[in-house]
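Enquirer: Per the working numbering, residue 20 is the first one in the sequence shown, and the count goes up by one each step.
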Amino acid sequence: MADMNRERHRTRETAFYLFTQQSLPACKPVLTPGWVITIFLFMGLIFIPVGLITLRASHSVVEIVDRYDTECVPEAFRIDKISYIQDDSIPKNCSRFMKVHKYMKAPIYIYYQLDNYYQNHRRYVKSRSDKQLLHGQKYHDTSSCQPVELNSGQPIVPCGLIAWSLFNDSFTFIRERAELKVNRKNIAWKSDRDHKFGKNVHPFNFQNGTLIGGGKLNPKIPLSDQEDLIVWMRTSALPSFRKLYGRIEEDLDADDVIVVNLMNNYNTYSFGGKKKLVLSTSSWLGGKNDFLGHACVIIGSSSLILAIVFTLLHLKYRRPHGDTSYLPWNRKSLSG
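#1: Within the chosen definition, does the stretch 199 to 211 reach the stretch 257 to 271 through at least 3 CB pairs nearer than 8 Å?
#2: Since V119 and A273 should fall inside the 8 Å C-beta cutoff, what is the C-beta to C-beta distance between them, to a whole number of angstroms?
#3: With a Cβ-Cβ cutoff of 8 Å, do Y158 and Q151 count as a contact?
#4: Rounding to the nearest angstrom, what Cα-Cα distance links S189 and C113 in this structure?
#5: Can you find at least 3 beta carbon pairs, one from the stretch 303 to 314 and one from the stretch 48 to 62, that sit closer than 8 Å?
#6: From the DSSP output, which residues share a beta bridge with D85?
#7: Classify D213: buried if its beta carbon has 16 or more other beta carbons within 10 angstroms, exposed otherwise.
#8: By Cβ distance below 6 Å, which residues in the same chain neighbour Y285 in space, the five residues on each side in sequence not counted?
#9: Express the C-alpha separation of W183 and N227 in angstroms, rounding to a whole number.
#10: Compute the beta-carbon to beta-carbon distance between P174 and Q156, rounded to the nearest angstrom, for a pair I have assumed lies under 8 Å.
#11: Distance, Cα to Cα, P44 vs L50?
#12: Suppose the cutoff is 6 Å on Cβ atoms and the five residues either side in sequence are ignored; what does the same chain contact list for R147 look like?
#13: Reducing DSSP to helix, strand and coil, say where T191 ends up.
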């Protein structure tokens, strides 16, 4: 028994010694010129076709973008747009025309796009209470929602700056005097609806203060069904972003003219923001985005160029593997 324990101890000491001395068995590939050239060539042959396929998918997406924040301000108020948007006595309705240049197959996604809007600001991102969104007034610690935490001594549900600044422009679409139906269901993530917003939590004391931030919520509808709010609460990481408004489930033909009747309610003028309306189809890759395709093509092209350069250098300066005679200190010793 003592011999067995002694043998185990010796084995442990040996393994520990090998580990500390970095002498354990390991894979140590030798990157010969042939291997390096093959790897770069393989990367080029993979990335370039993937990039071209991705670009083709992106270019198959039909997209119409219309900026309306400036054109929907009456001529007399364009000098002072802030006073216009803050004056409730001035009508905010506006009509825009969007021409379809290419056949658009349903479903056609409707997005609103905001530019120069920093939803990633630290104070803005933290101004919410996820537990209150899930449990409602049963959860009392809403100090993270400051400064939109209480109103008239009563809690605000949902609290925080994100919910308070809810986007509230609205759109209706007409083609040939017939209104296009907009499906506004299932625009939010299912995981958000099921697990982050309470099914028995209703808006309470929301937008009842003297300073109104954005859209209002129906107090009879639980937060899990307020999909506009759920979409808005998923904050964007970049100052230019799009959020899904709904879907048109009818095909649009080329040369169709869509009349958009909108309510220009949301205040982006105080911080120099822009508002755009986007109609877009989708591909197997999603919406229109050329970045991924261009990135793959650039990486693949760079890899092919490097493979060619390394091949030429290897053919011109061929030397046996492991030959170190070209090193400066070895040259001196040979010449001496």
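Glycine residues also receive a C-beta, built at the ideal position from the N, C-alpha and C atoms.
Expert: Here's the rundown:
#1: yes
#2: For the purposes of this step, residue 119 is identified with residue 100 of the sequence shown, where counting begins at 1. For the purposes of this step, residue 273 is identified with residue 254 of the sequence shown, where counting begins at 1. Going by Cβ atoms, the distance from V119 to A273 rounds to 6 Å, so yes, they are a contact pair.
#3: By one-based count along the sequence shown, residue 158 stands at place 139. By one-based count along the sequence shown, residue 151 stands at place 132. Yes, they are a contact pair.
#4: Residue mapping note: residue 189 aligns to position 170 of the sequence shown, counting from 1. Residue mapping note: residue 113 aligns to position 94 of the sequence shown, counting from 1. Rounded to the nearest angstrom, the two C-alpha atoms are 10 Å apart.
#5: no
#6: Numbered from 1 along the sequence shown, position 66 holds the residue referred to as residue 85. L296.
#7: To locate residue 213, count along the sequence shown from 1; it is residue 194. Classification for D213: exposed.
#8: By one-based count along the sequence shown, residue 285 stands at place 266. Excluding residues within five positions, the ones whose Cβ falls inside 6 Å are F186, N187 and D188.
#9: Residue numbering aside, residue 227 sits at position 208 when the sequence shown is read from its first letter. Residue numbering aside, residue 183 sits at position 164 when the sequence shown is read from its first letter. Approximately 11 Å, taken between the alpha carbons.
#10: Indexing the sequence shown from 1 puts residue 174 at position 155. Indexing the sequence shown from 1 puts residue 156 at position 137. Between Q156 and P174 the Cβ distance is about 6 Å, and since that is below 8 Å, they are a contact.
#11: For the purposes of this step, residue 44 is taken as the residue at position 25 of the sequence shown. For the purposes of this step, residue 50 is taken as the residue at position 31 of the sequence shown. The straight-line gap from Cα to Cα measures roughly 19 Å.
#12: Looking up residue 147 in the sequence shown gives position 128. Closer than 6 Å at the Cβ level, and outside the excluded window around R147, lie G179 and I181.
#13: For the purposes of this step, residue 191 is taken as residue 172 along the sequence shown, with counting starting at 1. Residue state, collapsed to three classes: strand.
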